[in-house]
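Colleague: From first to last, the protein sequence lines stand for chains F and G. The opening residue of the first sequence carries number 57 in the working numbering; numbering runs sequentially from there. The opening residue of the second sequence carries number 57 in the working numbering; numbering runs sequentially from there. After the structure tokens below, expect a handful of questions from me.
There are 2 protein chains.
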Amino acid sequence: MAISFQVFGIKTKILVPGDDIAAIIEKETKQAGGLFDGDIIAIAESALATAEGSIIKLSDVCPSEEALEYEKAYKIDARLAEVVINESDNIAGGIPGFLLSLKKGTLLPNAGVDESNAPEGYVVTLPKDPDKSAENIYRKIYELTGKKTGILIIDSRTHAMRLGCSGVAIGCFGITAVSDERGKKDLFGHQLEVTRLAIGDNLASAAELVMGESDECTPVAIIRGMSKHLSENSFGVESIEPSECLFMGTAMNANPAFFNRD
Amino acid sequence: MAISFQVFGIKTKILVPGDDIAAIIEKETKQAGGLFDGDIIAIAESALATAEGSIIKLSDVCPSEEALEYEKAYKIDARLAEVVINESDNIAGGIPGFLLSLKKGTLLPNAGVDESNAPEGYVVTLPKDPDKSAENIYRKIYELTGKKTGILIIDSRTHAMRLGCSGVAIGCFGITAVSDERGKKDLFGHQLEVTRLAIGDNLASAAELVMGESDECTPVAIIRGMSKHLSENSFGVESIEPSECLFMGTAMNANPAFFNRD
């Protein structure tokens with residue numbers, strides 16, 4: 057057999073605003089033999105955002121005209137629509153129940169605003185700066201344990217023409233999120249055509265398999281055996297321009313107004 | 057700690073048309089302790105397609121007018137474009153180097169036709185019927201080992217607005233590719249909003265981490281510890297309608313002609 061790795065889920069208490077995620081990870085993993093150098097720690101973005109206090113009480117939200125229009129068009133609570141508008145750089149349209157947001161060059165349903173796993177009457181937004189949060193957690197884990205790890209902030213997202221959600225990396229530190237394979241050769245010595253591997257998304261998907269989305273309270277996963285993807289020169293998770301994206305580039309060629317609907 | 061699983065890469069010789077993948081898997085895993093009941097076996101689609109003889113010699117291909125137009129518009133070899141046209145139900149457009157194909161309800165670059173990891177002067181198409189191939193391999197593995205496994209045929213694909221390719225399931229047998237979470241409760245007892253988990257895509261992504269895309273010759277991965285996703289009622293990998301897809305639904309609302317360009 058060739059290379060192998062292991063993935064463990066880490067159960068925690070239900071997180072609340074103000075919780076120190078790094079300290080919780082250190083405590084919960086210590087009982088199971090502790091962290092190792094080279095471990096990759098994947099953290100669910102909703103747990104991180106909650107601990108960081110990125111939650112909004114819906115009854116405090118006053119919906120705008122635009123939000124009320126989206127409620128009519130897409131059957132989405134106008135207060136939720138208002139939060140989504142505030143969290144988005146642009147709204148590209150929607151389907152019933154969801155607005156399609158553009159946020160920092162990434163396309164995502166409802167700007168990542170989540171009603172699941174939030175206290176009654178609240179919604180959780182995406183973490184403000186997932187790369188920065190990953191760096192802070194990395195440093196705190198290193199301080200507490202002396203171990204060099206990789207930190208990945210992950211989300212569960214729908215993909216074009218795929219049924220069901222799978223894992224994506226939305227922030228990282230100490231880890232190569234996208235591996236550049238350009239210049240490498242294939243089995244027959246040709247240059248490779250697939251030039252980039254989304255290592256961070258693959259790791260996030262592996263982590264999601266032990267996390268689940270329901271009442272399992274497993275917001276953290278440890279991936280052991282993939283230390284080859286650790287890097288001292290980690291630049292966080294890069295996004296791509298819509299024009300470079302096969303799906304959106306094609307949609308834009310067909311209709312240049314697609315991304316400028318306001 | 058909560059649940060955990062392991063992923064092993066399985067190295068093989070370079071596969072050629074006529075190879076028996078199930079027999080090769082049985083042989084290579086036997087040397088490493090053998091397969092277990094509940095193991096999930098992920099197989100790279102390019103290796104499967106090659107073994108099944110789904111390879112085409114480019115010098116035998118005579119490009120049509122349409123293919124010559126795509127060569128001009130998208131800088132793609134007209135013979136490759138011709139193979140892509142034949143493998144597609146429809147071409148939705150493209151970006152330099154790639155045509156965007158619709159095939160059996162799925163949207164994918166160059167209809168999955170791959171020049172990498174094919175013998176010189178050949179291309180590999182997608183396996184003809186990945187669900188059926190998965191079933192055949194399942195039955196042969198069971199015959200050879202007596203073990204009940206899950207079989208996953210996987211590909212590495214680009215996703216909307218993500219940098220880099222990650223793993224997706226394109227065929228399966230004995231395994232639940234998409235888990236329906238509707239009716240389950242979240243941490244606070246609410247109904248879940250994310251209703252479906254792409255277990256097959258998550259498993260494919262985990263497998264891809266031990267396979268790589270270059271000259272590593274590791275076309276198979278064993279995932280051990282995820283037997284909860286095995287199922288006697290496996291219906292293969294379901295696709296979704298473009299109108300149900302957040303990305304394509306929005307693009308179609310903006311421009312209904314997007315999927316009917318011929």
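Quick reminder that beta carbons are idealized off the backbone N, C-alpha and C, glycines included.
Within its chain, find whatever has a CB closer than 6 Å to the CB of G/F64; leave out the 5 residues flanking it on each side and keep chain order.
Modeller: By one-based count along the second sequence, residue 64 of chain G stands at place 8. The answer, listed in chain order, is I278.
Colleague: Helix, strand or coil for G/G321 per DSSP?
Modeller: Lying outside 57 to 318, the shown extent of chain G, residue 321 of chain G is not represented and no answer is given.
Colleague: Inspect the CB distances between the region 80–96 of chain F and the region 188–208 of chain F and report whether three or more fall short of 8 Å.
Modeller: yes
Colleague: Thinking C-beta only, is G/I226 closer than 8 Å to G/V293?
Modeller: As a working mapping, residue 293 of chain G is identified with position 237 in the second sequence. As a working mapping, residue 226 of chain G is identified with position 170 in the second sequence. A contact, by the Cβ cut-off of 8 Å.
Colleague: Where does G/I193 sit, in a helix, a strand or coil, going by DSSP?
Modeller: The sequence position of residue 193 of chain G within the second sequence is 137, counting from 1. Here G/I193 sits in helix by DSSP.
Colleague: To the nearest angstrom, how far is it from the Cα of F/C273 to the Cα of G/T68?
Modeller: Position 217 of the first sequence, counted from the first residue, corresponds to residue 273 of chain F. Position 12 of the second sequence, counted from the first residue, corresponds to residue 68 of chain G. Their Cα atoms are separated by approximately 39 Å.
Colleague: Buried or exposed: which applies to G/E297, given that a residue is buried once 16 or more other Cβ atoms fall within 10 Å of its Cβ?
Modeller: Counted from its first residue, the second sequence places residue 297 of chain G at position 241. So G/E297 ends up on the exposed side.
Colleague: Just checking: is the beta-carbon of F/E125 within a distance shorter than 8 Å of some beta-carbon in chain G?
Modeller: The residue you call residue 125 of chain F lines up with position 69 of the first sequence. Cβ-Cβ to chain G under 8 Å: no for F/E125.
Colleague: Buried or exposed for G/D318, please, with buried defined as at least 16 other CB atoms from any protein chain shown within 10 angstroms of its CB.
Modeller: To locate residue 318 of chain G, count along the second sequence from 1; it is residue 262. Any reading at G/D318 is ruled out, since the residue's pLDDT is 40, under 50, leaving its predicted position unreliable.
Colleague: Inspect the CB distances between the region 185–197 of chain F and the region 128–138 of chain F and report whether three or more fall short of 8 Å.
Modeller: no
Colleague: Straight-line CA distance for F/S283 to F/A263?
Modeller: As a working mapping, residue 283 of chain F is identified with position 227 in the first sequence. As a working mapping, residue 263 of chain F is identified with position 207 in the first sequence. F/S283 and F/A263: Cα-Cα distance of roughly 15 Å.
Colleague: Anything in chain F within Cβ reach of G/P165, meaning under 9 Å, just list it in chain order.
Modeller: Position 109 of the second sequence, counted from the first residue, corresponds to residue 165 of chain G. Under the 9 Å cutoff, chain F gives L302.
Colleague: Interface residues of chain G around F/K94 at Cβ under 9 Å?
Modeller: Numbered from its first residue, the first sequence carries residue 94 of chain F at position 38. A quick correction: the sequence has Gly, not Lys, at residue 94 of chain F. None at all; the shortest Cβ gap to chain G is about 14 Å.
Colleague: Going by C-alpha distance, which of F/R213, F/G256, F/M217 is nearest F/G230?
Modeller: Numbered from 1 along the first sequence, position 174 holds the residue referred to as residue 230 of chain F. Nearest option by C-alpha distance: F/G256.
Colleague: Under the rule that 16 or more other beta-carbon atoms within 10 Å means buried, what is F/P73, buried or exposed?
Modeller: Translated into the one-based positions of the first sequence, residue 73 of chain F becomes position 17. Exposed.
Colleague: Give the straight-line distance between the Cα atoms of G/I66 and F/I59, rounded to the nearest whole angstrom.
Modeller: Here residue 66 of chain G refers to the residue found at position 10 when the second sequence is read from its first residue. Here residue 59 of chain F refers to the residue found at position 3 when the first sequence is read from its first residue. Distance between the alpha carbons of G/I66 and F/I59 is about 8 Å.
Colleague: Are the CB atoms of F/I207 and F/I97 within a distance shorter than 8 Å?
Modeller: Residue 97 of chain F sits at position 41 when you count from the first residue of the first sequence. Residue 207 of chain F sits at position 151 when you count from the first residue of the first sequence. Against a cut-off of 8 Å, the Cβ pair of F/I207 and F/I97 comes out as a contact.
Colleague: Hey, how far is the Cα of F/C221 from the Cα of F/K188?
Modeller: Within the first sequence, residue 221 of chain F is the residue found at index 165, counting from 1. Within the first sequence, residue 188 of chain F is the residue found at index 132, counting from 1. In a straight line, the C-alpha of F/C221 is about 25 Å away from that of F/K188.
Colleague: Starting from F/N258, find everything on chain G with Cβ-Cβ shorter than 8 Å and list it in chain order.
Modeller: One-based indexing of the first sequence puts residue 258 of chain F at position 202. Per Cβ cutoff of 8 Å: S222, G223, S261, A262, E264, L265.
Colleague: What separation, rounded to the nearest whole angstrom, lies between the Cα atoms of G/G109 and G/E237?
Modeller: Here the question's residue 109 of chain G lines up with position 53 in the second sequence. Here the question's residue 237 of chain G lines up with position 181 in the second sequence. The straight-line gap from Cα to Cα measures roughly 39 Å.
Colleague: Check for me: the alpha helix (DSSP H) holding G/E139 runs from which residue to which?
Modeller: Looking up residue 139 of chain G in the second sequence gives position 83. Looking at the sequence shown, residue 139 of chain G is not Glu but Val. Segment 134–143, the alpha helix (DSSP H) holding G/V139.
Colleague: If you drop the 5 nearest sequence neighbours on each side, which residues of the same chain put their C-beta closer than 8 Å to that of G/M57?
Modeller: As a first step, residue 57 of chain G must be located in the second sequence, where it is residue number 1. Low confidence applies here, because G/M57 scores a pLDDT of 49, under 50, leaving its location unreliable; read the following figure in that light. Cβ neighbours of G/M57 beyond the five flanking positions: none.
Colleague: List the residues of chain G that F/I296 touches, going by C-beta distances under 8 Å, in chain order.
Modeller: Position 240 of the first sequence, counted from the start, is the residue given in the question as residue 296 of chain F. The contacting residues are M217, R218, L219.
Colleague: Let's see if you can read the secondary structure: which residues bound the beta strand (DSSP E) around G/A277?
Modeller: Looking up residue 277 of chain G in the second sequence gives position 221. That run of the beta strand (DSSP E) goes 276–280.
Colleague: Tell me which residue opens and which closes the alpha helix (DSSP H) that G/K78 is part of.
Modeller: Locating residue 78 of chain G in the second sequence gives position 22, counting from the first residue. Just to set this straight, residue 78 of chain G is Ala in the shown sequence, not Lys. Segment 77–86, the alpha helix (DSSP H) holding G/A78.
Colleague: Do you know how far the Cα of F/I80 is from the Cα of F/K86?
Modeller: Locating residue 86 of chain F in the first sequence gives position 30, counting from the first residue. Locating residue 80 of chain F in the first sequence gives position 24, counting from the first residue. Distance between the alpha carbons of F/K86 and F/I80 is about 10 Å.
Colleague: My assumption, with CB atoms under 8 Å, is that G/G177 sits in contact with G/S235. Please give the rounded CB distance.
Modeller: In the second sequence, counting from the first residue as 1, residue 177 of chain G sits at position 121. In the second sequence, counting from the first residue as 1, residue 235 of chain G sits at position 179. Not quite, the Cβ-Cβ distance comes to about 43 Å (not below 8 Å), so this is no contact.
Colleague: In this structure, how does DSSP classify G/V266 when only helix, strand and coil are distinguished?
Modeller: Reading the second sequence from its first residue, position 210 is the one you call residue 266 of chain G. In the structure shown, G/V266 adopts helical secondary structure according to DSSP, grouped into three states.
Colleague: Nearest CA to the CA of G/V266: which residue from F/L253, F/E121, F/M267, F/V276?
Modeller: Numbered from its first residue, the second sequence carries residue 266 of chain G at position 210. It is F/L253.
Colleague: For G/V224, write down the residues that DSSP places opposite it in a beta bridge.
Modeller: Within the second sequence, numbered from 1, the residue matching residue 224 of chain G stands at position 168. The partner list for G/V224 (beta bridge, DSSP) reads G/D211.
Colleague: Is the Cβ-Cβ distance between F/S144 and F/A167 less than 8 Å?
Modeller: Position 88 of the first sequence holds residue 144 of chain F. Position 111 of the first sequence holds residue 167 of chain F. Yes, the pair counts as a contact, with Cβ atoms nearer than the cut-off.
Colleague: Suppose contacts are defined by Cβ-Cβ distances below 8 Å. Is F/L163 in contact with G/A148 by that definition?
Modeller: Here residue 163 of chain F is taken as the residue at index 107 of the first sequence, counted from 1. Here residue 148 of chain G is taken as the residue at index 92 of the second sequence, counted from 1. Contact flag unset, no.
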